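Going down the list, the protein sequences come from chains V, D, G and X.
At position 201 of the first sequence the residue is numbered 1076 (the working numbering), and the sequence of numbers has no breaks.
At position 266 of the second sequence the residue is numbered 1141 (the working numbering), and the sequence of numbers has no breaks.
At position 3 of the third sequence the residue is numbered 878 (the working numbering), and the sequence of numbers has no breaks.
At position 209 of the fourth sequence the residue is numbered 1084 (the working numbering), and the sequence of numbers has no breaks.
Working notes for the structure below.
There are 4 protein chains.
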Amino acid sequence: MSLRLTVEDVSGVFAIVPTPATPDANDPDATDTVDVDETRRAIRALEDAGVDAVMLNGTSGEAFALTPDEWRTFTETAADAADEMHVLAGPTTLNTRTTIERAEFARDVGCSGLLLGRPMWNELSPDATVNFYEEVADAVPELGIVAYDNPGAFKRKITSWDRLAEIENFVGTKAVGLGPAYWETIRQIRAADGDMRVLQMDAYLPAARSWHSDLPLVCWSSSASCGPSPVLAMMDALEAGAYERAFDLSERMAWSFETFFPNGDMAAFGRHTPAIVKARMREAGFLDPGPVRPPNPMTPESYLDGGRESGRRWKEVVAAVEETDDAAATR
Amino acid sequence: MSLRLTVEDVSGVFAIVPTPATPDANDPDATDTVDVDETRRAIRALEDAGVDAVMLNGTSGEAFALTPDEWRTFTETAADAADEMHVLAGPTTLNTRTTIERAEFARDVGCSGLLLGRPMWNELSPDATVNFYEEVADAVPELGIVAYDNPGAFKRKITSWDRLAEIENFVGTKAVGLGPAYWETIRQIRAADGDMRVLQMDAYLPAARSWHSDLPLVCWSSSASCGPSPVLAMMDALEAGAYERAFDLSERMAWSFETFFPNGDMAAFGRHTPAIVKARMREAGFLDPGPVRPPNPMTPESYLDGGRESGRRWKEVVAAVEETDDAAATR
Amino acid sequence: MSLRLTVEDVSGVFAIVPTPATPDANDPDATDTVDVDETRRAIRALEDAGVDAVMLNGTSGEAFALTPDEWRTFTETAADAADEMHVLAGPTTLNTRTTIERAEFARDVGCSGLLLGRPMWNELSPDATVNFYEEVADAVPELGIVAYDNPGAFKRKITSWDRLAEIENFVGTKAVGLGPAYWETIRQIRAADGDMRVLQMDAYLPAARSWHSDLPLVCWSSSASCGPSPVLAMMDALEAGAYERAFDLSERMAWSFETFFPNGDMAAFGRHTPAIVKARMREAGFLDPGPVRPPNPMTPESYLDGGRESGRRWKEVVAAVEETDDAAATR
Amino acid sequence: MSLRLTVEDVSGVFAIVPTPATPDANDPDATDTVDVDETRRAIRALEDAGVDAVMLNGTSGEAFALTPDEWRTFTETAADAADEMHVLAGPTTLNTRTTIERAEFARDVGCSGLLLGRPMWNELSPDATVNFYEEVADAVPELGIVAYDNPGAFKRKITSWDRLAEIENFVGTKAVGLGPAYWETIRQIRAADGDMRVLQMDAYLPAARSWHSDLPLVCWSSSASCGPSPVLAMMDALEAGAYERAFDLSERMAWSFETFFPNGDMAAFGRHTPAIVKARMREAGFLDPGPVRPPNPMTPESYLDGGRESGRRWKEVVAAVEETDDAAATR
């Protein structure tokens, strides 16, 4: 059986996309809230712009807030809309069996891989985490699995990379943060027999290169759904070893993020991620995410303002980057 | 519309039951893992013994580990097996809409109320918690809602009791712990216009009476599924103001709990609750809980041993209580 | 060498006292802020009222906020003021050697024992905790050591009771909380060869008896410094097996505590303990604690109001108890 | 009054030094454990090598473990040994007044500034944190204050940079980490009227430049006490805009850190910081830190091994850098 998303495919820009929502989607009585047309349009636009993959239902993609039917509709729509681009479904649920059922659905509708978090009602120990990933990986050997490592959502950071890297179709992890725990991830992966890659956050990637110059260039990017050109330009610059250009783009991104995380507080951000992310995306205008689905997080207006300002700034970065590209193109 | 589970009904022993599992239920490939016959038998046995209500799918009831189909099978079976006894379904899921759909199912198959936790992928703020309970309560006004307040599972303690108590069909909360936060719950409920009751843990109830002598006598009890007679006897003693008898029973329960929580560490217990609870119940022999469902928590053998020893001790307590009762009966 | 505070001496009411402060003590320029006269008066009053021991410098006693000179002045004054009553000094500092130096001073001025917390700049592991207690215990074999187990202050709960109980002059622990971790403390102590006692909080003691009827009757009480009669009356009632009387007193205490912990939030209380405790004591009027010493915790006025209301309520409880006693005395 | 350590002085390499200890310093009976000769030698060696400042008693400098006398001896010795180099004393204690007394001593013996943490027995709220820094700053207006922001030690991250930056002699902060909270620090400082600088960790500085190209170049470095040449070379490279050289050095540093933080776990590192740091420094051989002082952290041997391996690697980096320099010098 050939792996649809191989380790080598984990390269370039992996865009985090929202699950576009119909206007009534914040109503607890609403059904069929997936905006199918906008989903198709957004996926196409990302592929046309040159991103390498989309990752569907993590926190920003409201994995938790969709009904089972909506989850299937969205996954199938996205898989269908993509042409060559890899589509990683997000089948994280409260248990192994429901997740496997969704993973099989994702496989059957043409997804290449999974962005896979963990059951989080009870915290999984390191042993239980490895066991969980093994059981899902066994069930869908055709799909490449990228761990969704989010300690805020899943109550604990993943730490057993040496054992996870040995799983045949475990091809990567969406990294969180920089510093000692991140360095340890790299260390363990290098020490292990297996093979997997670390997807760093877009604006962290130039920084991360300062410690490991030889890592494959791959990032995850929620900002790509605000317009992918700055991230794509940054990847080109890194590829070319053009550090000043990469740093310049990274600095512009950081400027956009300045108002994104409320007071720099990740716990507050964690309580309101989809609401802030959607406010940002809506303002940036690359796609229309629609409203957040219940439970209503009752997000403070100041947090939404921060998200919107972040979106305005990103839009400005996009304009500057595309102007430069145009200028370059006409030279 | 008349409320099926009223505040006044929140009285006596509310048993926490497991979801009895077929022998293969720990296999990630298993389907239809609800042991329907054992479910029916256990519910009947509890009602016959005199418990006042059963609460279905919290953590011990593996709410998170059931497939949607299994959840419905179990809820319907339990509702059907009970005669006069109240049945509170456990429709906690990752979002409001799926929870409402389950709550409506529970209502339609004859449940009286809900034991209701919160979406826990993202931590809900106090405002978001109130909003969530309001939205579910609005959807099933016929059902009495008991909050499942579990900070380990749902990432934060409920604190806005004054606002929750005002929800018409919000009739109680499964309390966690003793001390200042518990006292504050009582204070807020008393200060609020609304009306709701606090279900204390069985072995904590005599203790809790030392601070509030006038609270209605009601407890939740997972131990009831190891044999309810000690808890029922304790409630009788408290009702009669027979403190020494109540204390004696409370002390025997605490002896059983001594090996139940691994090293007294609630975080460790939280990572392995269903596995330890089921090991205990199996050993006590009142019902057969079957194996735990995936994700496999990879529970250390010493934790399971502690659960089994706790079950053996509870069985001993049951025997002593029933012997006393028999002796009393033949006098 | 004979132990001054033996395990058998750990019995009755161990009062937590403040370090009475001169009116300017909240000024960062102030020196010699111990109100020596009030210290002497308060210690005498507590002994005259019948408390069995005083414990000097924990959190309420502002161990952290005193200059080294002030600490010695206070310790010596208290030791000197007490007649038969046990005085436990509070030599907790940032390191072992400074703590030993203070412990030796306490021994030399006539203290019987120590209320001993841990260095808290870096969290001590269980092994390091045992080692620390061993080293201090070795240095002052004449003194009985009572652990000050405060996870908020010292970053981690003590868990290795089996090993601590084996230390010759380790005679007790100031307990925190009820429930599994508390039960585990009792379990470990019983299982160990050594001998030590658990000092439960005053208002928790009747509750704690519901699980362990045979434990020696001893409590710590910060409320005793608001007037010890309710606590003394409660101990008498428990001694006599008069549960209803004990419960009645416990319920009155809990009523006083209702406004003491801000919104029942122990973390908030922990940031402001001395300020709230002193506001309460000042209002109760049994002694004059004076202002809090720097660092100024910038306590919200509503927290202080809660402390004052708690003090007013305690004063009311004292009046009711003493009236009953008077009535009894004249019968 | 002129400020001894101005904002402009916060530039270059600020070395974290240990408090060199006599061979018996791990004995709870030891006194006068400061190895005065080695202190003098190490300070001189650092200044001769070209570091811009030394920071004395944070966690690695065992601020908590020194007796008051030892603290004074060490501070005076270091101030005296330095010629032009800035010396920042570490007067963090459990309260404001003792800290001010030490700050005044530091000023009187010729220190330029303070590396200042917070009282940590009770967590200080943001308001209390600002108040504390204001009170100390007021007491020693001649000294430049650098905040020691260590959430592990002081229980909470500093967040009110806008208000701290307005304190006249508050000139900088020892940063912890990268990412949103760090970005927020920069954002607040820029938005505030006042003026202060952020000292980033050595191996993080190239990374940090990827987001803020215009920040003054300054870092703190504990590794400098393992031999400062790699850090000095990195600063030169950054100054010159030689990114590849800076990245190359940063990568070598990260390789040394790979085994420094046990399993990448910062909480574990926090329980054993001085022991691991000293093991590393001893192995690197630039100075002799001596043993750790009590409390004995009972550090697992594997953690010490990681520290030693990290020291060996650093020594290798030093050799490579100095060889390059020699080669350059002879060209």
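Virtual Cβ for every residue (Gly too), placed ideally from N, Cα, C.
For clarity, every value in this text was computed on a predicted model and none was experimentally measured.
Beta-carbon gap between residue i and residue j smaller than 8 angstroms
i	j	result
residue 971 (chain D)	residue 909 (chain D)	no
residue 1040 (chain V)	residue 1064 (chain V)	yes
residue 1024 (chain V)	residue 1050 (chain V)	yes
residue 1074 (chain X)	residue 1048 (chain X)	yes
residue 1137 (chain G)	residue 1129 (chain G)	no
residue 1082 (chain G)	residue 877 (chain D)	no
residue 1080 (chain D)	residue 1105 (chain D)	no
residue 1167 (chain D)	residue 1194 (chain D)	no
residue 1018 (chain V)	residue 978 (chain V)	yes
residue 964 (chain D)	residue 921 (chain D)	no
residue 1020 (chain X)	residue 903 (chain G)	no
residue 1131 (chain V)	residue 1185 (chain V)	yes
residue 1146 (chain X)	residue 1044 (chain G)	no
residue 936 (chain X)	residue 892 (chain X)	yes
residue 906 (chain G)	residue 942 (chain X)	no
residue 1152 (chain G)	residue 1181 (chain G)	no
residue 994 (chain V)	residue 939 (chain D)	yes
residue 1093 (chain D)	residue 1072 (chain D)	yes
Which residues DSSP lists as bridging residue i, in chain order
i	result
residue 961 (chain G)	G:928
residue 1021 (chain D)	D:990, D:1047
residue 1076 (chain D)	D:1095
Nearest neighbour of residue i, chosen from the options [CA to CA]
i	options	result
residue 1091 (chain X)	X:890, X:1188, X:1046	X:1046
residue 879 (chain D)	D:989, D:1154, D:926, D:945	D:989
residue 1096 (chain V)	V:916, V:1061, V:1123, V:1107	V:1107
residue 1162 (chain X)	X:911, X:904, X:1094, X:964	X:911
residue 981 (chain D)	D:930, D:925, D:1172	D:930
residue 986 (chain X)	X:957, X:902, X:1159	X:957
residue 1178 (chain D)	D:1155, D:1102, D:1191	D:1155
residue 924 (chain G)	G:1184, G:1191, G:1103	G:1103
residue 1157 (chain V)	V:1101, V:888, V:955	V:1101
residue 1164 (chain X)	X:886, X:916, X:881	X:916
residue 1200 (chain V)	V:1176, V:1112, V:1141, V:1172	V:1112
Residue interval of the beta strand (DSSP E) (run including residue i)
i	result
residue 1005 (chain X)	Not the beta strand (DSSP E): residue 1005 (chain X) falls in the alpha helix (DSSP H), residues 1001-1014.
residue 1095 (chain X)	1093-1096
Residue range of the alpha helix (DSSP H) that includes residue i
i	result
residue 973 (chain X)	971-983
residue 1153 (chain D)	1148-1159
residue 1130 (chain G)	1118-1132
residue 1108 (chain V)	1104-1114
residue 878 (chain X)	No alpha helix (DSSP H) holds residue 878 (chain X); DSSP gives it neither H nor E.
residue 1037 (chain V)	1036-1039
residue 1165 (chain G)	No alpha helix (DSSP H) holds residue 1165 (chain G); DSSP gives it neither H nor E.
residue 1026 (chain X)	1026-1029
Scan the region 1042-1072 of chain V and note each continuous beta strand (DSSP E) run of 3 residues or more that stays entirely inside, going in chain order. 1045-1049
Starting from the N-terminal side, write out each stretch of the alpha helix (DSSP H) that is 4 residues or longer and does not extend beyond the region 882-963 of chain G. 911-924, 943-956
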